[in-house]
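Novice: Chains as they are written, first to last, in the working numbering: chain A, 58 to 312; chain B, 58 to 312; chain C, 58 to 312.
1. Between residue 82 of chain B and residue 133 of chain B, which are expected to be in contact by the criterion C-beta below 8 angstroms, what is the C-beta distance as a whole number of angstroms?
2. Report the option in A:179, A:237, A:241 and A:107 whose CA atom is closest to the CA atom of residue 87 of chain A.
3. With 8 angstroms set as the bound, which would you pick, yes or no: does the beta-carbon of residue 247 of chain A sit closer than that to a beta-carbon of chain C?
4. Would residue 130 of chain A be called buried (16 or more neighbouring beta carbons within 10 Å of its own) or exposed?
5. Where does residue 291 of chain B sit, in a helix, a strand or coil, going by DSSP?
6. Please report whether the beta-carbon of residue 218 of chain A lies at a distance below 8 angstroms from any beta-carbon of chain C.
7. Between residue 141 of chain C and chain A, is any beta-carbon pair separated by less than 8 angstroms?
8. Considering only DSSP beta bridges, list what residue 259 of chain C is partnered with.
9. For residue 207 of chain B, go through chain A and note every residue whose CB falls closer than 7 angstroms to its CB, in chain order.
10. Leaving out the 5 sequence neighbours to the left and right, which residues in its chain are closer than 6 angstroms to residue 315 of chain A when beta-carbon positions are compared?
11. Measure the alpha-carbon distance for residue 230 of chain C versus residue 221 of chain C and round it to whole angstroms.
12. Once you ignore the five residues that flank residue 160 of chain A on each side, which residues in its own chain have a CB closer than 6 angstroms to its CB?
13. Check whether the stretch 196 to 209 of chain B touches the stretch 174 to 186 of chain B, counting contact only when three or more Cβ pairs, one atom from each stretch, lie closer than 8 angstroms.
14. Could you compute how far the alpha carbon of residue 264 of chain C sits from the alpha carbon of residue 61 of chain C?
15. Decide if residue 274 of chain A is buried, meaning its Cβ has at least 16 other Cβ atoms within 10 Å, or exposed.
16. What residues are listed by DSSP as bridge partners for residue 62 of chain B?
17. Look at the alpha carbon of residue 180 of chain A and the alpha carbon of residue 213 of chain B, and state the distance between them as a whole number of angstroms.
18. Kindly indicate which three-state DSSP category residue 128 of chain B falls into: helix, strand or coil?
19. Check whether the Cβ of residue 167 of chain B lies closer than 8 angstroms to any Cβ atom in chain C.
20. Relative to the C-alpha of residue 91 of chain A, which residue among A:121, A:155, A:250 and A:196 is closest?
21. Taking only three categories from DSSP, how would you classify residue 208 of chain B?
22. Quick one: what's got a C-beta closer than 7 angstroms to residue 270 of chain B's C-beta in the same chain, skipping five residues either side?
23. Using a beta-carbon distance cut-off of less than 7 angstroms, what residues from the stretch 67 to 99 of chain B approach chain C?
24. Would residue 115 of chain C and residue 162 of chain C qualify as a contact pair, given that the criterion is a beta-carbon distance under 8 angstroms?
25. So with CB distances below 8 angstroms, who are the chain B contacts of residue 244 of chain C?
26. For residue 136 of chain A, collect the residues of the same chain with a Cβ closer than 7 angstroms to its Cβ; drop the 5 residues on either side in sequence, then sort them by chain order.
27. Could you spell out the range, first to last residue, of the beta strand (DSSP E) harbouring residue 109 of chain B?
28. I'd like to know if residue 315 of chain C contacts chain B, where contact means its C-beta is closer than 8 angstroms to some C-beta of that chain.
29. I need the straight-line Cα distance from residue 155 of chain C to residue 165 of chain B, nearest angstrom please.
30. Starting from residue 188 of chain A, trace the beta strand (DSSP E) in both directions and tell me its first and last residue.
31. Please identify the residue among A:113, A:85, A:89 and A:200 whose C-alpha is closest to the C-alpha of residue 277 of chain A.
32. Helix, strand or coil, according to DSSP, for residue 74 of chain B in the structure here?
33. Pull out every residue of the stretch 215 to 240 of chain A whose Cβ sits closer than 8 angstroms to any Cβ of chain C, in chain order.
34. If you check the beta carbons only, do residue 104 of chain A and residue 302 of chain A fall under 8 angstroms apart?
35. Excluding the 5 residues preceding and the 5 following residue 110 of chain A in the sequence, name in chain order all residues of the same chain whose CB lies nearer than 8 angstroms to its CB.
36. Could you check which residue in C:211, C:84 and C:172 has the C-alpha nearest to that of residue 234 of chain A?
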């Protein structure tokens, strides 16, 4: 059985908000080490992977591995009912048909229990090869979210060009062209490590859904290599991360 | 004729906001004692009753009883045009065809007058028997509003179970089940008086419209007895109240 | 060529927000003196005129007159991408086919360039006779916006009556009648200069679009004369203004 208690519901809210726009349903794999979830997005283009170590929890007990098929929209609805500073306990028996979420206010004057039915989902866990990337960028997550949003007004395709001079985001459409250049610096705290310059184009609407994870982390990490999927990583404090993978577009834009 | 002056329009705004979602039109009965309005809701299921003593007004003059058939949506529109801290004077002649609302800013630099046509409404004033109830609960009105909203995500029916141990709100639907338990205590200031425990189910959407009165009062009073309509009361300072009555559902839920 | 630099994008945002609801496209005439734009609104009823002196700019260079046919909705989208406190530089070559807007954050850590295609617009510059008006009113722009909004709930036509006693705004419709009276005074800082009293009616929906300019100026100036277009002027600091002209309705209302 699983019993996991977080002192603040807020973290769980942020995680589910980050996932529920991109995957409707997903299987949460629970083990003694913590929680993992991996899934292709609804249109089977990008991949999302959550990892949350057991240390993240005030109390964590999982004596036998258990897989929970979750409807993330439903889970999001339940979490809307909780105060952000309520403590939350997630419970499931072995071979579970439902999951229980219990919320407690400080002082336990108010307690709320929700039971959600679990889903039977096909699982195809992909092995993600952990290769090196030739460009590694860190920037404020809010800045990345804003760039993705602004660029998507111009075109559905967003080009990221990374060199030792800086990162350039570009889009070109009927409205005109847009170029945003970020340089490594202190005010915005952008850091860039480049072994080889990379220029790749991506479908902006996936990048936009990735940025639903913005509240999880002040800073986002981008990893790029020529002809390899972009990795967008939002760290969850020291306890884990949400990672999004998106393959580049094949046709290079004519910039 | 009627002439009633409130020093702050805000109170009138809150009252009309509490009523206008549940009744489209209503007859305001004005007498020397103050104002009364009683009406079934638009779908003739619940009953709403407003009572406002003449003491509530800075100035109140009503030498002959007068009944004003009001369109509450129109009245709400006029009130949107007023500043919350304007003084407002309501005027109507005997046998009136219209009502006048006059708003004055502090210093009278800005005055605004609105005339609204009155409606000829059938009136069937019900006598509400003032019986005793076996459960009497007081809780923060915002907490009650939130519970009604949260529960309505699960099912259209909301069960309230009241015992000396506390109040339990429950709903069960396709999404799963939800239980919220409030215990008497100091932090949230919930008070419960129980002569006999009661468990009854109600249509959540009516409860949700009742909670439009939340801004009127910090605390709401619930009165329950077995097989009698629930009474939800929002006091208006020491001057009156809005009361909502809703009959329980006949079929008990299978909790 | 034109090169004009504003230290704050905010002013340009406010100007474009004031124009883009009322004119879809317009020609910006650039000369050594500054920028001018004049256009009938989309339905060819009212006239809008922008004037912005070169002094308004941190840097202004225009060695040859140039006319820029702008799509204001597109320009508004680009401006949404900029921080309000970014510096912005507008550039166009002689006989231009596009306009470039460059935004720089403080410290230049972030730079963004947008190119917008220009439009070939017919231009019919009207000479606006600068006659005297018999009534001249100054009032808070937010108060004027609110009155226009409130009145439009009652009727599509808004009557402005100006006398030495004050200004009265009136509307009469199915809902009832509305009258708002402003008196010259200190709290709200309304000033009224009247040579001859004027009463004229105007189409409220145009007045409502004029009030999109409210963020540009704390105070708005109204100029009225019998049977002449109303002039609504929003000053842009000491550097210029946006002026709106609207002809009165021919049929007097039956107040």
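Note that CB positions come from ideal geometry on N, CA and C, so glycine has one too.
Specialist: By the coordinates alone:
1. Residue 82 of chain B sits at position 25 when you count from the first residue of the second chain. Residue 133 of chain B sits at position 76 when you count from the first residue of the second chain. The Cβ separation is near 12 angstroms, so there is no contact.
2. Here the question's residue 87 of chain A lines up with position 30 in the first chain. Taking only the C-alpha atoms, the option nearest residue 87 of chain A is A:107.
3. Your numbering for residue 247 of chain A matches position 190 in the first chain. Yes, residue 247 of chain A counts as interfacial toward chain C.
4. In the first chain, residue 130 of chain A corresponds to position 73, counting from 1. So residue 130 of chain A ends up on the exposed side.
5. Counting from 1 along the second chain, the entry for residue 291 of chain B is found at position 234. Residue 291 of chain B falls in the strand class under three-state DSSP.
6. In the first chain, counting from the first residue as 1, residue 218 of chain A sits at position 161. No, residue 218 of chain A lies away from the interface with chain C (no Cβ there is under 8 angstroms from its Cβ).
7. Here residue 141 of chain C is taken as the residue at index 84 of the third chain, counted from 1. Answer no: the Cβ-Cβ gap between residue 141 of chain C and chain A never drops below 8 angstroms.
8. Locating residue 259 of chain C in the third chain gives position 202, where the first residue counts as 1. Per DSSP, C:215.
9. As a position in the second chain, residue 207 of chain B is number 150, starting the count at 1. Neighbours of residue 207 of chain B on chain A, chain order: 138.
10. There is no way to answer for residue 315 of chain A, as the model of chain A reaches only from 58 to 312.
11. The sequence position of residue 230 of chain C within the third chain is 173, counting from 1. The sequence position of residue 221 of chain C within the third chain is 164, counting from 1. Approximately 27 angstroms between the Cα atoms of the pair.
12. Mapped onto the first chain, residue 160 of chain A falls at position 103. Same-chain partners within the cutoff: 139, 143, 145 and 169.
13. no
14. Numbered from its first residue, the third chain carries residue 264 of chain C at position 207. Numbered from its first residue, the third chain carries residue 61 of chain C at position 4. Cα-Cα distance, rounded: 31 angstroms.
15. Numbered from its first residue, the first chain carries residue 274 of chain A at position 217. With 16 or more Cβ atoms within 10 Å of its Cβ, residue 274 of chain A is classed as buried.
16. Your numbering for residue 62 of chain B matches position 5 in the second chain. In the DSSP output, where bridge partners are listed per residue, residue 62 of chain B has B:116 and B:146.
17. Counted from its first residue, the first chain places residue 180 of chain A at position 123. Counted from its first residue, the second chain places residue 213 of chain B at position 156. Straight-line Cα distance between these residues: approximately 34 angstroms.
18. To locate residue 128 of chain B, count along the second chain from 1; it is residue 71. Of the three classes helix, strand and coil, the one that applies to residue 128 of chain B here is strand, per DSSP.
19. As a first step, residue 167 of chain B must be located in the second chain, where it is residue number 110. It does: the Cβ of residue 167 of chain B has a partner Cβ on chain C nearer than 8 angstroms.
20. As a working mapping, residue 91 of chain A is identified with position 34 in the first chain. The residue with the shortest Cα to Cα distance from residue 91 of chain A is A:121.
21. To locate residue 208 of chain B, count along the second chain from 1; it is residue 151. Reduced to three states, the DSSP call for residue 208 of chain B is helix.
22. Numbered from its first residue, the second chain carries residue 270 of chain B at position 213. Cβ within range, chain order: 75, 291 and 299.
23. none
24. Taking the first residue of the third chain as position 1, residue 115 of chain C is located at position 58. Taking the first residue of the third chain as position 1, residue 162 of chain C is located at position 105. No, the Cβ-Cβ distance between residue 115 of chain C and residue 162 of chain C is not below 8 angstroms.
25. Within the third chain, numbered from 1, the residue matching residue 244 of chain C stands at position 187. Neighbours of residue 244 of chain C on chain B, chain order: 162, 163, 164 and 166.
26. Position 79 of the first chain, counted from the start, is the residue given in the question as residue 136 of chain A. Excluding sequence neighbours, residue 136 of chain A sits near 66, 69, 70 and 73.
27. As a first step, residue 109 of chain B is located in the second chain; it is residue number 52 there, counting from the start. Its beta strand (DSSP E) spans residues 104 to 110.
28. Nothing about residue 315 of chain C can be read from this structure; chain C reaches only from 58 to 312.
29. Stepping through the third chain from its first residue, residue 155 of chain C is reached at position 98. Stepping through the second chain from its first residue, residue 165 of chain B is reached at position 108. Their backbone Cα atoms lie some 54 angstroms apart in a straight line.
30. In the first chain, residue 188 of chain A corresponds to position 131, counting from 1. First-last for residue 188 of chain A: undefined, no H or E at that position.
31. For this step, residue 277 of chain A is matched to residue 220 along the first chain. Nearest of A:113, A:85, A:89 and A:200 to residue 277 of chain A, Cα basis: A:200.
32. Here the question's residue 74 of chain B lines up with position 17 in the second chain. Note: residue 74 of chain B maps to helix in three-state DSSP.
33. 232, 233, 234, 235, 236, 237, 238, 239 and 240
34. The residue you call residue 104 of chain A lines up with position 47 of the first chain. The residue you call residue 302 of chain A lines up with position 245 of the first chain. Yes, they are a contact pair.
35. Here the question's residue 110 of chain A lines up with position 53 in the first chain. So the list reads 90, 91, 296 and 297, once near-sequence residues are dropped.
36. As a working mapping, residue 234 of chain A is identified with position 177 in the first chain. The residue with the shortest Cα to Cα distance from residue 234 of chain A is C:172.
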